[in-house]
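Reading through the C-alpha cells given below for one structure.
Numbering (my numbering), first residue to last: 72 to 438.
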C-alpha cells in the first residue's frame, strides 16, 4: 500500500502541526503539493512537497545530488553578498535520516522545500520589465555559479543540448519511419536538412575548448522564476531538476525561444506565431547585465545564434517524436507534435529574418 501524503510529510524534519495539503502549480512533470504547517501563535509556514517523475528523471538520486551541491554553493554566495538565502535560493528540508529526499517502499522519490513567501511565478509576463527581471535572474544564477566546479555535477540527461546527436536521432527517425508519417512531412524534413550546418557550431566550440562548460539550468521558461509581488524583481530561480553541465548560451536562448513568441508552443495556426524584438531586447538586456563580466567574448558573440539554434533543435525534436509515433512528449491529439514542430519552424523563420537586429541588440548590451 502506498503511503498517504501526511505519512510522507512526516518523514521530513518539520516543525509544527500539519494543517493542509493541496495540489499546487501547473507543472507537467512532477506532482506538486502545498503543505501548510501551524507553528503556534497564529504563525504558519508553507512548504512545497514534490514527487519526482521517474519516467523523465530516471536517476533521481543524481538529480538531488546536483541540486544539493548547487543550492549549497548559491547560499554561500548569497550570504557573502548580504542577501537572504532562504528567499533567493531554494531550501530543501532533510528527512529524519538526513537525506534531502525520501524514497517510499513503493520506490517513489519525494522532496520538500521551503515555500518562498511574497513572490509568485507567472505563465505570462505582466510587463516588459518582467522579462528583464526573469532574464536577469537566470543570468545571476549563472554568475553565482561561475566558479562552481562543474565536473562535480552529474549529466542527468545525457547530450541534452547536443544538437548533432539530436540530428542523428532525427535522421534515424526519418529512415525507420516507424509510425509511417515521414511521407506527410516532407516539407518539414527538408527545412531541417537545409540547416544542418547550424547543428555542430556550439558543441564544436565547447568540445575544442574555445568556450567553457558551465553550470546551466536548461529549462529557462519565464515561469521558472519567482517574482516579488511588491517590487516586481526576480527573486529566485526554481525547478532545478535539469541543472547540469552545459553551454551557457542555451539558457539565454531557451528564454528567448519560449518568451519572445506570444503564441502557444502548440499553436496550430502558424500565422499567429510572433517573434518580438522588443521582448528579445529586454531578455538580452537582463541576461547580459548579470553575466557580461563572466561570459567570454566568444560566448556573447554567439548568444543571438544560440536563440536560433535552440529553436531549430526543438523543431527537430518535435518532428523526430512525431515520426517515432509520439513516444517522448505527451500529446493530446495525433497532430500535436507536428503543430509544435511547425510553430518552431515559423519562429525560426521569423528569427532568421531578424538576425541582423538580434545581433545589434546583443552588441548594445554586451558591456
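Glycine residues also receive a C-beta, built at the ideal position from the N, C-alpha and C atoms.
Remember, predicted model here, so these are calculated numbers, not experimental data.
- Burial state of residue 316 is buried, judged by a 10 Å Cβ sphere holding 16 or more other Cβ atoms.
- Burial state of residue 357 is buried, judged by a 10 Å Cβ sphere holding 16 or more other Cβ atoms.
- Per DSSP, the unbroken alpha helix (DSSP H) holding residue 138 starts and ends at 131-151.
- For residue 194, the number of other beta carbons within 10 angstroms of its own is below 16, and it is reported as exposed.
- Taking the Cα of residue 77 as reference, the smallest distance to any Cα among 209, 89 and 219 is reached at 89.
- In this structure, residue 275 sits away from residue 325, with a CB-CB distance that is not shorter than 7 Å.
- The C-alpha of residue 79 is placed about 36 Å away from the C-alpha of residue 337.
- If you draw a straight line from the Cα of residue 293 to the Cα of residue 307, it is about 12 Å long.
- In the DSSP annotation of this structure, residue 183 is not part of any alpha helix (DSSP H); the continuous beta strand (DSSP E) holding it starts and ends at 180-185.
- For residue 90, the enclosing beta strand (DSSP E) starts and ends at 88-94.
- In the three-state DSSP reduction, residue 72 falls in the coil class, being neither helix nor strand.
- Residue 108 has its alpha-carbon roughly 44 Å from the corresponding atom of residue 415.
- Beta-bridge partners assigned by DSSP to residue 296: 308.
- Within the model, the alpha-carbon separation for residue 253 versus residue 383 is close to 18 Å.
- The C-alpha of residue 212 lies about 41 Å from the C-alpha of residue 257.
- Within the model, the alpha-carbon separation for residue 117 versus residue 104 is close to 10 Å.
- When the Cα atoms are used, residue 402 and residue 181 turn out to be separated by approximately 26 Å.
- DSSP places residue 359 in the helix class (H, G or I) of the three-state scheme.
- The three-state secondary structure of residue 208, taken from DSSP, is helix.
- Secondary structure at residue 114: coil, using DSSP grouped into helix, strand and coil.
- If you draw a 10 Å sphere on the C-beta of residue 305, you find 16 or more other C-beta atoms in it, and that means buried.
- By the Cβ rule, the region 358-373 counts as touching the region 196-207, because three or more pairs are nearer than 8 Å.
- Residue 230 carries a coil assignment under DSSP once its states are collapsed to helix, strand and coil.
- Under DSSP, residue 324 takes part in no beta bridge, so it has no partner.
- DSSP, read as helix, strand or coil, puts residue 316 in strand.
- With contacts defined by Cβ atoms closer than 7 Å, residue 374 and residue 321 do not form a contacting pair.
- Distance between residue 422 and residue 266, taken at the CA atoms: about 14 Å.
- Secondary structure at residue 291: coil, using DSSP grouped into helix, strand and coil.
- Pairing residue 100 with residue 124 gives a Cβ-Cβ distance under 7 Å.
- A direct Cα-Cα distance of roughly 43 Å separates residue 148 from residue 343.
- Taking C-beta separations shorter than 8 Å and ignoring five residues to either side along the sequence, the partners of residue 408 in its chain run 389, 390, 392, 393, 397, 400 and 402, following chain order.
- Excluding sequence positions up to five before and after residue 312, its CB lies within less than 7 Å of the CB of 128 and 134, all in the same chain and listed in chain order.
- Counting the other CB atoms within 10 Å of its CB gives residue 285 a total of 16 or more, which places it among the buried residues.
- Contact check for residue 395 and residue 246: beta-carbon distance about 12 Å, past the 8 Å limit, so the pair fails to qualify.
- Around the CB of residue 152, fewer than 16 other CB atoms lie within 10 Å, so the residue is classed as exposed.
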